[in-house]
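Protein chains in written order, with this note's numbering: chain H, 2 to 79; chain L, 4 to 215.
Even for Gly, the Cβ is constructed at its ideal location relative to N, Cα and C.
Below is one structure, written out as structure tokens, with a few remarks after it.
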Amino acid sequence: MKELVELIAKALVDQPEKVQVSQLEGEQTTILELKVAQEDLGKVIGKQGRTARAMRIILGAAGMKLKRRFNLEIIEKG
Amino acid sequence: MENDEKIEEKEEKPEFKGKNLEEAISLAEHRLKIPRSELNYEIVTEKTKLFGISKEIVIRAWPKIEAEENAVANFLDKLLPNFPLEISYEIKKRNGFVYVIFEGNDKQLLLWKDGSLLLAFQHILNKISSQKVQVDCEFFRKRKEKELKEYAQQVARQVYETGRNEILDLMNPYERRIVHIEVNQVPGITSESLGEGFLKRVKVFPVEKNKK
């Protein structure tokens, strides 16, 4: 699922080389942490969070098929 | 993307000559029978004669839509193998936008929760493509449109009978447009959108005849 998030994020941003996704496996949930360049943060979140929501819906559907919960977290670099 | 463009440049593209850029583009529009909003062009030569009075410009023009379709197709070709659902797609051109139709064993999941997955794909594809993208599956769009029309007509009739305003649930611009069109077909009834942002409510109310 990591590849999926990476693909979508890379297609959305201006600096695809700065896209990083890490996958953390829990018992029932997989957490996907997405990091992008500071300037691209808005691109993956979207107006009123619509793009982020769309990505979560895509992950949710994948999760339904795979019977696993996927959680997308967009990480803001400090 | 850049590689694609380089390959394209080797192919023959028609050239158009004009006194200025405007004229050259108009000519390209005419000859290729494509509106300029769907044309890509590059300037080949630009000559300015003495005192800049007489000019000549040559451009090369080609339709944009091919590239846009490819952007969408390339993305989906990479995405779908990484996506656990069994779905395939087909791309069509329609009225100047890219129309993506999904098929496959898992299409029920696409329509799950009122088509939220379908609309999620549409949103992402629209971000990637500069051309407008619409997605559909199993005539989902047509069916939704019909349901919404019937609902709008029903509300308009109710307002007509009771004379009381009705305020509908949050809707996106596409849905609101359908509601406005349907409601305004009922004589004496009109509608307006309330609120701010992408999602707004529609108010359906009787037109006040005495108001000037």
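Query: So, with DSSP's three-state summary, where would you put residue 2(H)?; Result: coil
Query: Is the beta carbon of residue 202(L) closer than 8 Å to that of residue 173(L)?; Result: yes
Query: Starting from the C-beta of residue 169(L), find all residues in its chain whose C-beta is less than 8 Å away, skip the five residues before and the five after it, and write them out in chain order.; Result: 158, 161, 162, 206, 207, 208
Query: List the endpoints of the continuous alpha helix (DSSP H) containing residue 124(L).; Result: 110-131
Query: Give me the Cα-Cα distance between residue 39(H) and residue 47(H), rounded to the nearest whole angstrom.; Result: 14 Å
Query: Quick one: what's residue 209(L) bridged to in DSSP?; Result: 192(L)
Query: In the structure shown, what three-state DSSP assignment does residue 8(L) receive?; Result: Unreliable placement is indicated for residue 8(L), whose pLDDT of 43 sits below 50; no coordinate value is reported for it.
Query: How would you list, in chain order, the residues of chain H whose beta-carbon sits under 7 Å from the beta-carbon of residue 123(L)?; Result: 55, 58, 59
Query: At a CB-CB cut-off below 7 Å, which residues of chain L make contact with residue 29(H)?; Result: By Cβ distance, chain L contributes nothing, its closest Cβ being about 17 Å from residue 29(H), past 7 Å.
Query: Could you give the first and the last residue of the continuous beta strand (DSSP E) run that contains residue 24(H)?; Result: 21-26
Query: With burial defined as no fewer than 16 other Cβ atoms inside 10 Å of the residue's Cβ, what is the status of residue 30(H): buried or exposed?; Result: exposed
Query: Closer than 9 Å, Cβ to any Cβ of chain L: which residues of the stretch 22-53 of chain H, in chain order?; Result: 44, 47, 48, 49, 51, 52
Query: Based on DSSP bridge pairs, tell me the residues matched to residue 204(L).; Result: 197(L)
Query: Could you say if the stretch 78-97 of chain L and the stretch 53-68 of chain H meet the contact criterion of at least three C-beta pairs nearer than 8 Å?; Result: yes
Query: Going by C-alpha to C-alpha distance, which of 78(L), 66(L), 125(L), 46(L) sits closest to residue 59(L)?; Result: 46(L)
Query: Just to confirm, are residue 32(H) and residue 72(H) a CB contact at a threshold of 8 Å?; Result: yes
Query: Listed in chain order, which residues of the stretch 71-95 of chain L have Cβ atoms closer than 7 Å to some Cβ of chain H?; Result: 78, 81, 82, 85, 86, 87, 88
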